[in-house]
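Chemist:
In my numbering, the protein residues as written are 17 to 275.
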């Protein structure tokens, strides 16, 4: 028996509605206002040819991204929504310097941040050049009275990478000629992190957790991590090392408001 058009449209609308909360994850984060000099902001583009390798349904339900009841299935619509939300790559300094062209339809409207934090392997050891070297923050998501930070490893090489600091130049994403210069994530590393974070969580040890892994044909990946707060002590230390006490206060005030 054939369904009428209205019934078919209703089913389609309800199906899309189930995943609409992912649309709220689009680069926006209160840290940008709290610590204006605590990050580098990037335009981003869609990275194509990805496939969802792993998705943590339990975590998505806990966050409120998916309903707690209902059949759990990595169907076509959910897979596409995950790719639309998380399969991104930054348009970095190398691309801008070399006039590399990006299709307008691939460029996202929102900008995403790479945060600054202290890394002692960088020259000067003051945090002026260090931070998220191959990561971007997708922003945050709030539901059920809880806010979750969301970031990804493998979204391209930033000006905060140790390769850029040591060689004094910007790198093309995917460049394998310098240590920490490719900006890519590794799928096996992502799988290991997903397993370990789940073991820690089930042992009641607080840690960042893996929401999903996106695999690409070359064996690289985007590894999406979440936690109720992804700031690390190094996010505070670099302001302290530089004597930037107002910035330090901004970071501390932001952190204490969120815990």
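We treat Cβ as the ideally placed atom computed from N, Cα and C, and that holds for glycine. Just so it is clear, the structure is predicted and the values come from calculations on it, not from any experiment.
Pull up the distance between the alpha-carbon of residue 233 and that of residue 63, whole angstroms please.
Modeler: The sequence position of residue 233 within the chain shown is 217, counting from 1. The sequence position of residue 63 within the chain shown is 47, counting from 1. Computed Cα separation, rounded: 12 Å.
Chemist: Just verifying my parser: in three-state terms, what is the DSSP assignment at residue 163?
Modeler: What you label residue 163 is simply residue 147 of the chain shown in a count that begins at 1. Residue state, collapsed to three classes: strand.
Chemist: Let me check one thing: in DSSP terms, what residues is residue 201 bridge-paired to?
Modeler: By one-based count along the chain shown, residue 201 stands at place 185. Beta-bridge pairing links residue 201 to 237.
Chemist: With 16 other CB atoms within 10 Å as the buried threshold, where does residue 26 fall?
Modeler: Here residue 26 refers to the residue found at position 10 of the chain shown. Annotation note: pLDDT 48 at residue 26 (below 50); position unreliable, coordinate value reported separately. Burial call: exposed.
Chemist: Short of 7 Å in beta carbon distance, which residues of its chain neighbour residue 183, apart from the five on each side in sequence? Order them along the chain.
Modeler: Here residue 183 refers to the residue found at position 167 of the chain shown. Same-chain partners within the cutoff: 194.
Chemist: By Cβ distance, which residues of its chain are closer than 8 Å to residue 139, with the 5 residues on each side in sequence left out?
Modeler: Counting from 1 along the chain shown, the entry for residue 139 is found at position 123. The answer, listed in chain order, is 145, 181, 182.
Chemist: Does residue 224 come out as helix, strand or coil in the three-state DSSP assignment?
Modeler: Position 208 of the chain shown, counted from the start, is the residue given in the question as residue 224. In the structure shown, residue 224 sits in coil (DSSP, three-state: anything other than H, G, I, E or B).
Chemist: When you compare each of 167, 79, 98 to residue 6 by their alpha carbons, which one comes out closest?
Modeler: Because the chain spans 17 through 275 in this model, residue 6 falls outside it and cannot be assessed.
Chemist: Please give me, in chain order, every unbroken run of the beta strand (DSSP E) with length at least 3 that falls completely inside the region 20 to 105.
Modeler: Qualifying beta strand (DSSP E) stretches, in chain order: 55 to 62, 67 to 71.
Chemist: So, under 8 Å CB-CB, residue 241 and residue 177 are touching, yes? Tell me the CB distance rounded to an integer number of Å.
Modeler: Walking along the chain shown from the start, residue 241 turns up at place 225. Walking along the chain shown from the start, residue 177 turns up at place 161. About 18 Å separates the two Cβ atoms, so there is no contact after all.
Chemist: Roughly how many whole angstroms lie between the Cα atoms of residue 236 and residue 99?
Modeler: As a first step, residue 236 is located in the chain shown; it is residue number 220 there, counting from the start. As a first step, residue 99 is located in the chain shown; it is residue number 83 there, counting from the start. Approximately 15 Å, taken between the alpha carbons.
Chemist: Can you look up residue 187 in the DSSP assignment and give me helix, strand or coil?
Modeler: Start at 1 with the first residue of the chain shown, and residue 187 comes out as number 171. Reduced to three states, the DSSP call for residue 187 is coil.
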